[in-house]
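A.B. asks:
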Amino acid sequence: MTKKTGKTRKTGNKKKVKFNSRVTVHKIEPSNSSDFEEHIKGMNGTILYHHPQCIHCVMLRPKWNQMIQKLKQQNVNCRIMEINADALNKIHGPLGKVDGFPKIINVTNGIEKDVFNDTREVENMLQFVLKNLKGEHNLPYDYNLNEKNRIVKLKTKQNIQNMRNKLNNTYRLKHKIHKGKTGKNKKNKKNRKTK
């Protein structure tokens, strides 16, 4: 049995195993808005647009911070960007245009992929962020999507073993297809030389 405690996992034999969780939060304010281009280039992660005087943004802030803390307890690599509305006039391109606050979006390679439209609860926001990461295969093997497309941790040994086998088979299939293509090309080259 494994229990998570802070940044370690306690196992049955009392040894501690470290796990890596890397959640980076970039805050874009009017003073550092020139950093936006550098951070957004090739970014896979989540962006929160907020306005300091928006009551909905003020009410969202504690839940957002709780979500980030829960995310840090997961075994994931994630980038989050928080953009102050006052910095938007210095940001060019489609990500610099926002029609309302707060707005939460997932981006892939610096391009908007998905907009958060659920109730602003910690668990909903966490699932939204993790859904984007699942698409990028940043989650460990013991997580999977359930029937409702939500990410759940696999708890039984059999489920974990099934997931490992599925991932191994996928890898073998891709590797086999790649080998098969190169093998055909070599045969064709030999046939051309003999003709």
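Going by my numbering, the sequence shown opens with residue 42, and the numbers climb by one from there. For glycine and all other residues, C-beta sits at the position ideal for the given N, C-alpha and C.
(1) Quick check on residue 124: does DSSP put it in helix, strand or coil?
(2) Go ahead and pull the three-state DSSP assignment for residue 95.
(3) Figure out for me which residue from 144, 150, 155 and 151 has the closest Cα to the Cα of residue 101.
(4) Could you compute how far the alpha carbon of residue 92 sits from the alpha carbon of residue 206?
(5) For residue 170 and residue 73, what's the separation of their Cα atoms in angstroms?
(6) Helix, strand or coil for residue 181 per DSSP?
(7) Measure the C-alpha to C-alpha separation of residue 166 and residue 64 and round it to an integer number of angstroms.
(8) Just mark residue 152 as buried or exposed, buried being the case when its beta carbon has 16 or more other beta carbons within 10 Å.
(9) Straight-line CA distance for residue 146 to residue 96?
(10) Taking only three categories from DSSP, how would you classify residue 223?
(11) What residue range does the alpha helix (DSSP H) around residue 146 cover?
(12) Does the beta-carbon distance from residue 79 to residue 128 come in below 7 Å?
(13) Quick one: what does DSSP say residue 70 is sitting in, helix, strand or coil?
(14) Considering just the uninterrupted stretch of the alpha helix (DSSP H) at residue 78, what are its terminal residues?
(15) Just how far apart, CA to CA, sit residue 76 and residue 202?
(16) Following the continuous beta strand (DSSP E) through residue 140, name the residue where it begins and the one where it ends.
C.D. replies: Well, looking at it:
(1) On the sequence shown, position 83 is the one that residue 124 refers to. Strand at residue 124.
(2) Indexing the sequence shown from 1 puts residue 95 at position 54. DSSP places residue 95 in coil when its eight states are reduced to three.
(3) The residue you call residue 101 lines up with position 60 of the sequence shown. With distances taken between Cα atoms, residue 101 lies closest to 144.
(4) Position 51 of the sequence shown holds residue 92. Position 165 of the sequence shown holds residue 206. Answer to the nearest angstrom: the Cα atoms are 47 Å apart.
(5) The count along the sequence shown starts at 1 and reaches residue 170 at position 129. The count along the sequence shown starts at 1 and reaches residue 73 at position 32. So the alpha carbons of these two residues sit roughly 25 Å apart.
(6) Walking along the sequence shown from the start, residue 181 turns up at place 140. Note that residue 181 scores 49 on pLDDT, short of 50, meaning its location in the model is unreliable; the coordinates nonetheless yield the value given after this. Looking at residue 181 - three-state DSSP - the assignment turns out to be coil, as it is neither helix nor strand.
(7) Position 125 of the sequence shown, counting from 1, holds the residue named residue 166. Position 23 of the sequence shown, counting from 1, holds the residue named residue 64. Near 15 Å, if we compare the C-alpha coordinates of residue 64 and residue 166.
(8) Along the sequence shown, one-based indexing puts residue 152 at 111. Looking at its Cβ environment, which holds fewer than 16 other Cβ atoms inside 10 Å, residue 152 is exposed.
(9) Counting from 1 along the sequence shown, the entry for residue 146 is found at position 105. Counting from 1 along the sequence shown, the entry for residue 96 is found at position 55. Straight-line Cα distance between these residues: approximately 19 Å.
(10) The residue labelled residue 223 in the question sits at position 182 within the sequence shown. Any reading at residue 223 needs caution, since the residue's pLDDT is 48, under 50, leaving its predicted position unreliable; the model's value is listed next. Note: residue 223 maps to helix in three-state DSSP.
(11) Here residue 146 refers to the residue found at position 105 when the sequence shown is read from its first residue. Here residue 146 belongs to no alpha helix (DSSP H); instead the beta strand (DSSP E) covers 144 to 149.
(12) If you number the sequence shown from 1, residue 79 lands on position 38. If you number the sequence shown from 1, residue 128 lands on position 87. No.
(13) The count along the sequence shown starts at 1 and reaches residue 70 at position 29. Here residue 70 sits in coil by DSSP.
(14) As a first step, residue 78 is located in the sequence shown; it is residue number 37 there, counting from the start. Run containing residue 78: 77 to 81, per the alpha helix (DSSP H) assignment.
(15) To locate residue 76, count along the sequence shown from 1; it is residue 35. To locate residue 202, count along the sequence shown from 1; it is residue 161. About 43 Å.
(16) Residue mapping note: residue 140 aligns to position 99 of the sequence shown, counting from 1. Here residue 140 belongs to no beta strand (DSSP E), and DSSP marks it neither H nor E.
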